[in-house]
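Quick note on numbering: the sequence shown equals residues 12 to 272 in this note's numbering. Working notes for the structure below.
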Amino acid sequence: MKKTIGLITSLMACFVSFSQTAQTGINTLLPQQELHIAGTPSTTTAIGTTGKNVVTPTIRLEGLNQTNNTAHPVSPAISTLPIYATVDGNLVLGTRTKVITQTLPGQDAITATAYIGVTGTADVVTTLKTITFTIDRISLVYLNANVSMSYIGTISTPSFAFIDGKARRMGIQFMFTAAPVASGVPTAVAFAENSNSYTNGVDGSTIMTGFFYYNLGKAIKLTAGTYTLNISGIASANGNSFQLGYGATATDAVNIVAIAL
12 MKKTIGLITS LMACFVSFSQ TAQTGINTLL PQQELHIAGT PSTTTAIGTT GKNVVTPTIR
72 LEGLNQTNNT AHPVSPAIST LPIYATVDGN LVLGTRTKVI TQTLPGQDAI TATAYIGVTG
132 TADVVTTLKT ITFTIDRISL VYLNANVSMS YIGTISTPSF AFIDGKARRM GIQFMFTAAP
192 VASGVPTAVA FAENSNSYTN GVDGSTIMTG FFYYNLGKAI KLTAGTYTLN ISGIASANGN
252 SFQLGYGATA TDAVNIVAIA L
């Protein structure tokens with residue numbers, strides 16, 4: 012009886028040792044990893060019109076399909092999403108694209124006209140819109156703003172067209188006012204700008220009618236965290252005073268999209 016018990020104990024110990032070190036193979040007797048799914052020949056099947064393919068052999072998780080997981084959109088019927096690992100090692104569905112803000116046709120991103128009066132030699136910067144957003148992983152963030160500019164003239168009531176032939180500078184810029192320290196992104200420093208100069212030497216009593224539009228786009232790689240972005244109007248004239256207005260139209264637009272890397 013003692014010999015029998017000893018033999019069973021030895022077999023159990025060997026089984027436990029084997030289970031702790033063994034690798035699992037599917038369609039193979041020689042797995043090369045903890046889980047090895049083999050299969051030949053490999054085939055590729057298009058997933059509808061998504062531009063992606065299923066390569067077999069593959070793994071199917073029913074909990075991640077469109078019926079059982081709300082991360083998938085209800086429509087279209089064909090949907091593909093990337094899988095991410097959480098800090099605990101859990102697999103979850105996610106989307107690579109995050110729309111932070113968008114201005115649809117017929118909408119206006121800057122609802123109040125911002126007037127700037129320039130009298131000295133320094134740049135005059137006026138915040139037109141502030142947007143705070145959070146991204147949860149490293150992303151390439153696309154920033155775009157389309158801002159109207161008008162009411163260029165003398166600082167007076169009423170305002171008149173200036174006729175001195177001297178140049179005035181105007182435009183828009185992007186600036187972060189808050190960013191995670193670990194991101195390395197400087198704050199209170201303009202990192203993108205679109206500007207030009209304007210001058211007039213023709214005699215007249217009325218200011219220009221109509222609008223200029225400044226379009227500014229920038230792609231920037233950002234780490235996870237919360238950021239605050241200012242979209243500002245900028246003007247200067249080296250002592251040649253003038254005024255102008257930003258955002259007077261109903262078609263100013265701001266669009267920000269993050270693409271996870």
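Heads up, the beta-carbon is just placed ideally off N, CA and C, and yes, glycines get one too. None of these values were measured; they are calculated from a predicted model.
The continuous beta strand (DSSP E) containing Gln254 extends over residues 253-257. A straight line joining the alpha-carbon of His83 with that of Ser90 spans about 7 Å.
Going by beta carbons, Gln118 and Ala264 fall inside the 9 Å limit. Spanning the alpha carbons of Thr168 and Gly212 requires a straight line of approximately 21 Å.
Secondary structure note for Leu102: its beta strand (DSSP E) is the uninterrupted segment 102-104. Under a 10 Å Cβ-count criterion, Ile149 is classified as exposed, with fewer than 16 other Cβ atoms of the shown protein chains found around its own Cβ.
One thing to note: Gly258 has its Cβ within 9 Å of the Cβ of Leu139. The continuous stretches of beta strand (DSSP E) do not include Gly62, and DSSP gives it neither H nor E. In this structure, the beta-carbon distance from Ile121 to Ala246 does not fall below 9 Å. Closest in C-alpha terms to Thr106, from the list Thr97, Leu92, Thr61, Val135, comes Leu92. In the DSSP assignment, Ile111 falls within the beta strand (DSSP E) that extends over 108-112. With 16 or more other Cβ atoms from the protein chains shown falling within 10 Å of its own Cβ, Val129 counts as buried. Within the model, the alpha-carbon separation for Val135 versus Thr108 is close to 36 Å. Comparing alpha-carbon positions, the option among Ile111, Gln184, Gln113, Tyr209 lying closest to Ala199 turns out to be Gln184. The residue from Thr210, Ile146, Tyr162 with its alpha-carbon nearest to that of Thr124 is Tyr162.
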